[in-house]
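Q:
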Amino acid sequence: MELEKQKITISTRDGKAIKVPPEGALGLLAIGYKGLIAWRQARREYVQQMKKENKEVTEQANTELPEIKTDIDENDKPLREPDNKS
Amino acid sequence: MGKRLAKKVLLIGWDAADWKVITPLMDAGHMPTLEKLINGGVMGNFATLDPPLSPMLWTSISTGKRPYKHGIHGFTEPDASGKGVRPCYITSRKVKALWSILNQHGMKSHVIGWWPSHPAEPINGTMISNLYQRATKPINEPWPMATGTVHPAEKQDFYAKLRIHPAELTAAHILPFVPDAGKVDQEKDKRLNALAKILADCSSIHAAATYILENEEWDFVGVYFDAIDHFCHGFMKFHPPQLPPVPDDLYNLYKDVVISGYRFHDMMLDRLIELAGPDVTVMLISDHGFHPDHLRPLKLPKEPAAPALEHSPYGIVVINGPNIKKDERIYGASILDVTPTILTMYGLPVGADMDGNVMINAFEGEVKPEKIASWEDIPGDSGQHPPDKMEDPYAAHEALEQLIELGYVERPDENAEKAMQKTIAENNYYLARSYMNGRKYDEAVEILVKLVDENADATRYAMRLAHCYQTQNKVAECREVLNKIKQANEGKDMTNIKVMEGTLLLIENKPEDAMKLFEDIEKNTAGSARLNMQLGKAYLQMKRWNKAVKSFTKELEYDPGSAQAYHGLAVAQLRLGKFEAAIDNLLNAVGLTYFFPFAHYHLGEALYKIGEYAKAAEAFEVCLKMSPGINKARVWLNKIYTEHLKNPEAAQEVKQSMKDHLKGSIVVVSGLPRSGTSMMMQMLDTAGLDIFSDGVRKSDDNNPKGYYEHELVKAITKNKSWLDDAVGKTVKVISHLLFELPAKYQYKIIFMERNIDEVLMSQHKMLVRDGKAKEGAINLKLVNNYMQNIERVKKWAPQQEHVKIHFVSHANMINNPLEELQKVNDFLGGGLDIKAMAAVIDKSLHREKINK
Numbered sequence: 005m006e007l008e009k010q011k012i013t014i015s016t017r018d019g020k021a022i023k024v025p026p027e028g029a030l031g032l033l034a035i036g037y038k039g040l041i042a043w044r045q046a047r048r049e050y051v052q053q054m055k056k057e058n059k060e061v062t063e064q065a066n067t068e069l070p071e072i073k074t075d076i077d078e079n080d081k082p083l084r085e086p087d088n089k090s
Numbered sequence: 043m044g045k046r047l048a049k050k051v052l053l054i055g056w057d058a059a060d061w062k063v064i065t066p067l068m069d070a071g072h073m074p075t076l077e078k079l080i081n082g083g084v085m086g087n088f089a090t091l092d093p094p095l096s097p098m099l100w101t102s103i104s105t106g107k108r109p110y111k112h113g114i115h116g117f118t119e120p121d122a123s124g125k126g127v128r129p130c131y132i133t134s135r136k137v138k139a140l141w142s143i144l145n146q147h148g149m150k151s152h153v154i155g156w157w158p159s160h161p162a163e164p165i166n167g168t169m170i171s172n173l174y175q176r177a178t179k180p181i182n183e184p185w186p187m188a189t190g191t192v193h194p195a196e197k198q199d200f201y202a203k204l205r206i207h208p209a210e211l212t213a214a215h216i217l218p219f220v221p222d223a224g225k226v227d228q229e230k231d232k233r234l235n236a237l238a239k240i241l242a243d244c245s246s247i248h249a250a251a252t253y254i255l256e257n258e259e260w261d262f263v264g265v266y267f268d269a270i271d272h273f274c275h276g277f278m279k280f281h282p283p284q285l286p287p288v289p290d291d292l293y294n295l296y297k298d299v300v301i302s303g304y305r306f307h308d309m310m311l312d313r314l315i316e317l318a319g320p321d322v323t324v325m326l327i328s329d330h331g332f333h334p335d336h337l338r339p340l341k342l343p344k345e346p347a348a349p350a351l352e353h354s355p356y357g358i359v360v361i362n363g364p365n366i367k368k369d370e371r372i373y374g375a376s377i378l379d380v381t382p383t384i385l386t387m388y389g390l391p392v393g394a395d396m397d398g399n400v401m402i403n404a405f406e407g408e409v410k411p412e413k414i415a416s417w418e419d420i421p422g423d424s425g426q427h428p429p430d431k432m433e434d435p436y437a438a439h440e441a442l443e444q445l446i447e448l449g450y451v452e453r454p455d456e457n458a459e460k461a462m463q464k465t466i467a468e469n470n471y472y473l474a475r476s477y478m479n480g481r482k483y484d485e486a487v488e489i490l491v492k493l494v495d496e497n498a499d500a501t502r503y504a505m506r507l508a509h510c511y512q513t514q515n516k517v518a519e520c521r522e523v524l525n526k527i528k529q530a531n532e533g534k535d536m537t538n539i540k541v542m543e544g545t546l547l548l549i550e551n552k553p554e555d556a557m558k559l560f561e562d563i564e565k566n567t568a569g570s571a572r573l574n575m576q577l578g579k580a581y582l583q584m585k586r587w588n589k590a591v592k593s594f595t596k597e598l599e600y601d602p603g604s605a606q607a608y609h610g611l612a613v614a615q616l617r618l619g620k621f622e623a624a625i626d627n628l629l630n631a632v633g634l635t636y637f638f639p640f641a642h643y644h645l646g647e648a649l650y651k652i653g654e655y656a657k658a659a660e661a662f663e664v665c666l667k668m669s670p671g672i673n674k675a676r677v678w679l680n681k682i683y684t685e686h687l688k689n690p691e692a693a694q695e696v697k698q699s700m701k702d703h704l705k706g707s708i709v710v711v712s713g714l715p716r717s718g719t720s721m722m723m724q725m726l727d728t729a730g731l732d733i734f735s736d737g738v739r740k741s742d743d744n745n746p747k748g749y750y751e752h753e754l755v756k757a758i759t760k761n762k763s764w765l766d767d768a769v770g771k772t773v774k775v776i777s778h779l780l781f782e783l784p785a786k787y788q789y790k791i792i793f794m795e796r797n798i799d800e801v802l803m804s805q806h807k808m809l810v811r812d813g814k815a816k817e818g819a820i821n822l823k824l825v826n827n828y829m830q831n832i833e834r835v836k837k838w839a840p841q842q843e844h845v846k847i848h849f850v851s852h853a854n855m856i857n858n859p860l861e862e863l864q865k866v867n868d869f870l871g872g873g874l875d876i877k878a879m880a881a882v883i884d885k886s887l888h889r890e891k892i893n894k
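If you read the sequences in order, they're chains A and B. Counting from 5, one number per residue, gives the positions in the first sequence under this note's numbering. Counting from 43, one number per residue, gives the positions in the second sequence under this note's numbering.
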């Protein structure tokens with residue numbers, strides 16, 4: 005079975021299952037590939053659920069969090085620009 | 043094979059990680075994984091190389107060799123297709139990497155994200171190149187992976203799905219870094235985009251690494267994270283304490299980014315160690331540090347690789363695992379030591395052509411690394427690319443865009459040829475700096491002379507050339523370059539040039555002029571802390587030890603990580619007789635930068651002074667290993683082995699080694715002033731010997747037939763470089779300066795002995811003729827001094843392996859010249875026309891006589 009189709013459960017070190025939020029968390033990224041897949045699964049399930057309920061799918065599933073959009077913008081300046089132009 | 047000390051090794055690279063940031067975080071409990079790793083293992087500073095450019099450094103880490111050996115000389119290289127430039131590819135690496143050697147021994151290695159590692163090498167394991175993680179297009183556009191990003195190729199699609207696009211990240215990921223991220227006007231301030239890119243990149247690398255650790259068999263895993271470096275380059279300017287030019291609103295928004303970056307790495311580290319399993323040796327390193335304090339540059343000049351000026355010279359090293367000491371500190375480690383140390387962990391020999399050392403002090407018990415000449419000579423399947431490896435121009439272009447976006451590389455000129463030439467010039471500049479860092483100044487000069495010639499507007503190249511010449515004591519050449527720089531930069535800040543000019547004045551034995559210049563610079567640059575180093579060096583040369591102590595102490599208050607300042611301070615303390623303090627500071631110096639031959643030399647001297655002869659010998663041996671040409675270390679070793687450690691075999695070995703390292707032979711004519719040295723010089727000139735003289739001091743009534751002197755001899759205490767030009771020649775050196783002759787040449791000394799009263803009378807007459815003394819007022823106090831001097835010469839010379847001395851009676855030379863000259867002839871190996879030499883003697887010039 006392809007990795008992204010496997011059901012991955014995230015648990016604490018003492019075996020307690022963690023509900024993976026659809027907006028993700030740094031801790032999930034820190035777990036590595038399993039945290040990434042579990043997060044993407046939670047996100048897919050959230051989208052499917054919202055569509056099923058005819059509700060609006062927002063970028064942030066947790067509406068208490070501010071709306072932040074990040075993407076590649078090819079017009080963005082380099083991270084380190086020289087300050088001294090002389 | 044030697045004893046295997048590690049079952050498996052996990053090597054983790056955190057680019058730019060710095061103890062100055064980590065230590066307070068650990069103290070506050072914010073990096074518990076790293077703290078646990080350190081408590082159960084060893085830690086230390088990790089000296090970087092110059093230039094501190096990551097592709098060069100990470101290749102030095104993986105090969106144990108300096109850039110001039112391994113072939114990666116910059117960020118970019120000319121594109122083989124002729125279309126311009128491309129990022130450095132792994133195919134430009136000329137030597138085997140650590141994993142190549144492990145491959146030859148059938149070990150399974152996985153390498154993720156190493157810089158550079160594209161195209162991925164066909165190793166026995168997985169290699170994921172440094173082109174893997176970076177998204178260059180918005181999320182709604184395709185994100186193809188360049189051919190060769192993953193080996194084996196059949197796994198490319200699988201790993202592609204483990205990449206994270208920055209647009210996937212949400213506020214949940216951003217807020218821990220920027221708590222008030224919701225307040226950022228993202229139309230105007232694009233920093234959240236930059237943050238998301240960095241986080242997405244390192245999470246992609248981490249996803250791939252965790253998959254491999256959990257699902258693949260392995261002996262070695264090497265994983266490289268560049269995120270801390272990127273967090274720092276983008277956000278260290280906002281790190282506390284607030285820098286004066288940083289506005290309050292931006293400071294308050296972004297002051298936590300760097301700290302959060304480190305904390306996230308600690309979380310990832312926890313997972314990597316968990317997946318690696320028990321009994322694994324973990325080595326966590328960085329290639330350089332990153333100034334988080336007052337040493338942060340406020341401005342960056344507009345030149346290639348300017349961001350590297352934000353790097354600090356010491357990264358981090360932590361090692362934990364079986365056979366590794368616990369809760370201890372190691373000193374003097376450098377990034378060159380990684381490959382030799384890991385090879386030793388696997389019981390494999392170290393190549394003698396590697397520039398690094400095994401970090402022996404990290405291990406419990408005694409470790410005796412084995413050596414072979416070179417791994418390049420050992421055949422086998424190393425998992426490297428075949429010579430005819432095809433290039434992927436798409437990948438080259440995409441990768442180059444990446445570097446442009448990061449600010450490392452200027453957008454290439456439309457004219458591809460011009461772009462290639464610029465890249466070649468810049469890489470040659472980095473290569474020259476690498477040679478300088480390895481103390482190969484001749485090689486550096488060869489490159490820099492050509493660069494300066496072809497790039498008149500590049501002051502950086504000329505400054506480095508001047509620095510090389512200065513290090514080699516080539517004053518005239520240095521001055522010529524500095525004058526050209528001044529002409530090309532009229533009206534601009536000349537502080538660096540003035541400092542170099544001051545140092546040249548010292549080399550030219552003009553300390554008062556040098557001091558005036560330094561004091562003037564200090565006044566006009568509002569007390570630049572960096573000037574304290576130069577002032578300290580100037581005071582050392584002038585033997586003003588207490589002032590030197592003050593200057594180096596000031597420098598250390600500004601930069602406590604300056605190995606050079608510790609060394610300078612220690613030398614001053616050594617000369618002041620403060621041996622214990624000198625030893626402490628020399629240990630600080632080598633603890634920071636182990637490859638520091640003169641620090642080990644002076645440590646040997648200081649240890650000798652307190653009677654620690656065995657330790658002193660050890661220090662001198664280390665010095666010679668680093669710099670075999672420092673023959674004066676062998677002089678000390680000979681003394682220690684002969685007089686103190688009573689080890690005649692070791693002494694004999696040292697004496698032979700001294701002979702092997704002599705740079706040539708010089709004939710020296712010596713004696714007290716007015717003892718007949720000019721006469722002897724004239725005789726040897728007549729015999730056809732090549733005389734080292736500049737003719738500056740003209741003949742006069744005191745010496746009608748000439749002095750045969752050279753001005754440089756007078757300044758021998760400050761500048762000995764001229765002796766290279768005196769090899770094979772004859773030079774006059776008065777007896778008081780004999781002890782300054784460096785031990786790297788063979789000397790045959792012809793010492794003129796004249797009746798001391800005659801000497802005094804002759805000196806007095808000379809001073810009277812020159813108007814510097816009154817008739818009859820002979821200074822009799824000089825008698826004792828002169829007698830002691832001659833006694834000292836007679837005691838000193840036989841003890842020196844590189845010195846042979848022959849004493850000539852002045853009186854007998856006048857009265858029985860042929861008899862004396864025959865002995866001189868025999869001493870010099872024969873072939874001299876002693877009759878012609880004897881004809882030089884003019885008895886009428888023997889004016890001051892004592893008839894006995």
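Backbone N, C-alpha and C fix where the C-beta goes; we use that ideal spot for every residue, glycine too. These figures come from a predicted structure and were not determined experimentally.
(1) Taking Q842/B as the reference, which of P194/B, P784/B, S159/B, K464/B has the closest Cα?
(2) Below 8 angstroms on the Cβ atoms is my contact criterion, and I expect G224/B with P70/A to pass it. Report the Cβ-Cβ distance as a whole number of Å.
(3) Mind reading off the beta-carbon distance from S328/B to W56/B? Whole number of angstroms is fine, and I expect it under 8 angstroms.
(4) If you draw a straight line from the alpha carbon of Y436/B to that of W100/B, how long is it in whole angstroms?
(5) For a contact meaning CB atoms closer than 9 angstroms, what does E60/A contact in chain B?
(6) According to DSSP, what are the bridge partners of L52/B?
(7) Can you pull the DSSP bridge partners for I955/B?
(8) So which residues of chain A does N235/B contact, with C-beta pairs closer than 8 angstroms?
(9) What residues from chain A crowd round P208/B, counting only those whose CB sits closer than 9 angstroms?
(10) Once DSSP output is grouped into helix, strand and coil, what is the label at H193/B?
(11) Which two residues bound the contiguous beta strand (DSSP E) that contains R128/B?
(12) If contact means a Cβ-Cβ distance below 7 angstroms, which residues of the stretch 40-60 of chain A contact chain B?
(13) Just tell me which of G706/B, G646/B, R834/B has its CA closest to the CA of L714/B.
(14) Please go through the same chain and pick out, in chain order, the residues whose beta-carbon is closer than 6 angstroms to the beta-carbon of V380/B, but skip the five residues on each side of it.
(15) Are I856/B and I883/B close, meaning C-beta to C-beta below 8 angstroms?
(16) Got a sec: which bits of the stretch 22-38 of chain A sit with their beta carbon under 8 angstroms from any beta carbon on chain B, in order along the chain?
(17) Could you tell me whether the stretch 318-337 of chain B touches the stretch 224-243 of chain B, using the rule of 3 or more Cβ pairs below 8 angstroms?
(18) Please report the residue range of the beta strand (DSSP E) in which P287/B lies.
(19) Quick check: the stretch 252-271 of chain B against the stretch 41-59 of chain A, are there 3 or more CB pairs under 8 angstroms?
(20) If we define contact as Cβ-Cβ less than 8 angstroms, is H215/B a contact residue for chain A?
(21) So what's Y608/B in DSSP terms, helix, strand or just coil?
(22) Quick check on the burial criterion: 16 or more other C-beta atoms within 10 angstroms. Buried or exposed for H509/B?
(23) Count the other C-beta atoms from every protein chain shown that fall within 10 angstroms of the C-beta of G873/B, then say buried if there are 16 or more, exposed otherwise.
(24) Check whether the Cβ of F273/B sits closer than 7 angstroms to any heavy atom of the ligand GDP, and report yes or no.
(25) Can you tell me whether I114/B is buried or exposed, with buried defined as 16 or more other CB within 10 angstroms of its CB?
(26) Is the Cβ of F228/B closer than 8 angstroms to any Cβ of chain A?
(27) Using a cut-off of 7 angstroms between C-beta atoms, extract the partners of P218/B located in chain A.
(28) Who pairs with T118/B in a beta bridge, going by DSSP?
(29) I'd like to know whether the C-beta of F306/B is nearer than 8 angstroms to at least one C-beta of chain A.
(30) Please list the residues of the stretch 47-72 of chain B that have a C-beta atom closer than 7 angstroms to any C-beta atom in chain A, keeping them in chain order.
(31) Identify the contact partners of R313/B in chain A, using a Cβ-Cβ distance below 8 angstroms as the criterion.
(32) Are there 16 or more other CB atoms within 10 angstroms of the CB of A530/B, so buried, or fewer, so exposed?
(33) Hey, how far is the Cα of A881/B from the Cα of H852/B?
(34) Please return the same chain residues whose Cβ sits closer than 6 angstroms to the Cβ of P746/B, not counting the five positions on each side in sequence.
A: This is what the structure gives:
(1) On the second sequence, position 800 is the one that residue 842/B refers to. That would be P784/B, whose Cα lies nearest to the Cα of Q842/B.
(2) Position 182 of the second sequence, counting from 1, holds the residue named residue 224/B. Position 66 of the first sequence, counting from 1, holds the residue named residue 70/A. Contact annotation, G224/B with P70/A: C-beta distance approximately 3 angstroms; criterion of less than 8 angstroms satisfied.
(3) By 1-based counting over the second sequence, the position of residue 328/B is 286. By 1-based counting over the second sequence, the position of residue 56/B is 14. Correct: roughly 5 angstroms between the Cβ atoms.
(4) To locate residue 436/B, count along the second sequence from 1; it is residue 394. To locate residue 100/B, count along the second sequence from 1; it is residue 58. Confidence at Y436/B is low in this model, with a pLDDT of 43, below 50, so its placement is unreliable and the value that follows should be read with caution. Cα to Cα, the separation comes out at about 24 angstroms.
(5) The count along the first sequence starts at 1 and reaches residue 60/A at position 56. Using a Cβ-Cβ cut-off of 9 angstroms, E60/A is close to nothing in chain B; its nearest Cβ partner there is about 16 angstroms away.
(6) By one-based count along the second sequence, residue 52/B stands at place 10. Beta-bridge pairing links L52/B to V263/B, V324/B.
(7) Any question about residue 955/B goes unanswered here, given that chain B covers just 43 to 894.
(8) Taking the second sequence and counting its residues from 1, one reaches residue 235/B at position 193. Those are T74, D75, I76, D77, D80, listed as they occur along chain A.
(9) In the second sequence, the residue the question calls residue 208/B occupies position 166. By Cβ distance, chain A contributes T74, D75, I76.
(10) Taking the first residue of the second sequence as 1, we reach residue 193/B at position 151. H193/B falls in the strand class under three-state DSSP.
(11) For the purposes of this step, residue 128/B is taken as the residue at position 86 of the second sequence. Start and end: 127-129.
(12) Listed in chain order, the positions of the stretch 40-60 of chain A with a beta carbon within less than 7 angstroms of a beta carbon of chain B are L40.
(13) Position 672 of the second sequence, counted from the start, is the residue given in the question as residue 714/B. Sorting G706/B, G646/B, R834/B by C-alpha distance to the C-alpha of L714/B places R834/B at the top.
(14) Within the second sequence, the letter at position 338 stands for residue 380/B. Residues of the same chain with a CB within less than 6 angstroms of the CB of V380/B, apart from the 5 flanking positions on each side, are I103 in chain order.
(15) For the purposes of this step, residue 856/B is taken as residue 814 along the second sequence, with counting starting at 1. For the purposes of this step, residue 883/B is taken as residue 841 along the second sequence, with counting starting at 1. It is a contact, given that the beta carbons lie within the stated cut-off.
(16) Within the stretch 22-38 of chain A, the qualifying residues are P25, E27, G28, A29, L30, G31, L33, A34, I35, G36, Y37, K38.
(17) The stretch 318-337 of chain B is not in contact with the stretch 224-243 of chain B.
(18) The sequence position of residue 287/B within the second sequence is 245, counting from 1. No beta strand (DSSP E) contains P287/B, which DSSP labels as neither H nor E.
(19) Cβ pair count under 8 angstroms is below three, so no.
(20) For the purposes of this step, residue 215/B is identified with residue 173 of the second sequence, where counting begins at 1. Interface criterion met: the Cβ of H215/B is under 8 angstroms from a Cβ in chain A.
(21) If you number the second sequence from 1, residue 608/B lands on position 566. DSSP places Y608/B within a helical segment (H, G or I) once states are collapsed to three.
(22) Your numbering for residue 509/B matches position 467 in the second sequence. It counts as buried.
(23) By 1-based counting over the second sequence, the position of residue 873/B is 831. Burial call: exposed.
(24) The ligand GDP is not part of this structure, which contains no ligands at all.
(25) Looking up residue 114/B in the second sequence gives position 72. Result: buried.
(26) As a position in the second sequence, residue 228/B is number 186, starting the count at 1. Correcting the residue identity first, residue 228/B is Gln in this sequence and not Phe. Closer than 8 angstroms to some Cβ of chain A, the Cβ of Q228/B qualifies, so yes.
(27) By 1-based counting over the second sequence, the position of residue 218/B is 176. In chain order: L30.
(28) Here residue 118/B refers to the residue found at position 76 when the second sequence is read from its first residue. T118/B pairs with P129/B.
(29) Residue numbering aside, residue 306/B sits at position 264 when the second sequence is read from its first letter. Chain A contact via Cβ: present.
(30) So nothing in the stretch comes that close.
(31) In the second sequence, residue 313/B corresponds to position 271, counting from 1. By Cβ distance, chain A contributes A34, I35, G36.
(32) The residue labelled residue 530/B in the question sits at position 488 within the second sequence. Counting Cβ neighbours within 10 Å, A530/B comes out exposed, since fewer than 16 surround it.
(33) Reading the second sequence from its first residue, position 839 is the one you call residue 881/B. Reading the second sequence from its first residue, position 810 is the one you call residue 852/B. When the Cα atoms are used, A881/B and H852/B turn out to be separated by approximately 15 angstroms.
(34) For the purposes of this step, residue 746/B is taken as residue 704 along the second sequence, with counting starting at 1. Result list for P746/B: empty, nothing under 6 angstroms.
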